[in-house]
Amino acid sequence: MRAAGLCTFDTPIGSCGIAWSEDAIVSVQLPDVDPAATLVRLRRRHPGFDTAAAPGWVQAIIARIQALLAGGRDDLADVPLDMRGEPEFNQRVYAIARAIPPGRTLTYGEVAQRIGEPGAARAVGQALGHNPFAPVVPCHRVLAAGNAGGGFSATGGVATKLRMLQIERAQIGDEPGLFD
Numbered sequence: 001m002r003a004a005g006l007c008t009f010d011t012p013i014g015s016c017g018i019a020w021s022e023d024a025i026v027s028v029q030l031p032d033v034d035p036a037a038t039l040v041r042l043r044r045r046h047p048g049f050d051t052a053a054a055p056g057w058v059q060a061i062i063a064r065i066q067a068l069l070a071g072g073r074d075d076l077a078d079v080p081l082d083m084r085g086e087p088e089f090n091q092r093v094y095a096i097a098r099a100i101p102p103g104r105t106l107t108y109g110e111v112a113q114r115i116g117e118p119g120a121a122r123a124v125g126q127a128l129g130h131n132p133f134a135p136v137v138p139c140h141r142v143l144a145a146g147n148a149g150g151g152f153s154a155t156g157g158v159a160t161k162l163r164m165l166q167i168e169r170a171q172i173g174d175e176p177g178l179f180d
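Throughout the sequence shown, residue numbering follows the numbering used here, covering 1 to 180 in sequence.
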């Protein structure tokens, strides 16, 4: 049986955190102002979890996240996530976001249409603002109307979102990027 735990790990955008249960990822924390702050935020979310060395299966996921944040193209769609406690609406939004490949984007309105609720763009934004799995659930790939940055709840806000899209060499909307 795999034990639950949490740890931090270095990435090109800063120190991220990850928490796991016996068989799935419980949350991923994008960088805070420094590694200690990242760990504090992760511990606050998971007070019953101890800091631990990541088991092999979690180490493999960490390596994939590190590669993605270095410009890799892994969509992380097969990473097991423990979504117990997440509202059903949010889970539907997260499923659509997970289907957006690296380097591509959708708008909040497009995600709302894809879940069958075309008037729910604002609710989509709120669900993504509560996403406990970024970047495994790539909320940074969802933009406001007109492909504007919109919001981003991670430290650094929209600047962090745009940096992550830049690392992915993102194509905004339906038009190919300059170097695609």
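Don't be surprised by glycine CBs; every beta carbon is placed ideally from N, CA and C.
Only a predicted model underlies this, so the values are computations on that prediction, with no experimental measurement involved.
Helix, strand or coil, according to DSSP, for residue i in the structure here?
i, result
"F9", "strand"
"V136", "coil"
Check this for me: beta carbons of residue i and residue j, under 7 Å apart or not?
i, j, result
"A127", "A120", "no"
"R98", "V58", "no"
"C7", "L30", "no"
"L81", "D74", "no"
"I62", "F9", "yes"
"H130", "K161", "no"
"G5", "F49", "yes"
"H46", "A19", "yes"
Would you decide whether residue i is buried or exposed? Buried here means 16 or more other CB atoms lie within 10 Å of its CB.
i, result
"P132", "buried"
"F179", "For F179, the pLDDT reaches just 45, beneath the cut-off of 50, and the residue's location in the model is therefore unreliable, although a value from the coordinates is still provided. Answer is exposed; the Cβ neighbour count stays below 16."
"V26", "buried"
"T11", "buried"
Tell me where the alpha helix (DSSP H) around residue i begins and ends.
i, result
"E110", "108-114"
"A121", "121-129"
Below 6 Å, is the gap between the Cβ of residue i and the nearest heavy atom of the ligand GDP?
i, result
"G5", "By its list of ligands, the structure shown contains no ligand whatsoever, and the ligand GDP lies outside what it can speak to."
- Message: For a minimum of 4 consecutive residues, which ranges assigned as the alpha helix (DSSP H) are wholly contained in the region 13-89?
- Response: Within the region 13-89, the complete alpha helix (DSSP H) segments of 4 residues or longer fall at 35-45, 56-68, listed in chain order.
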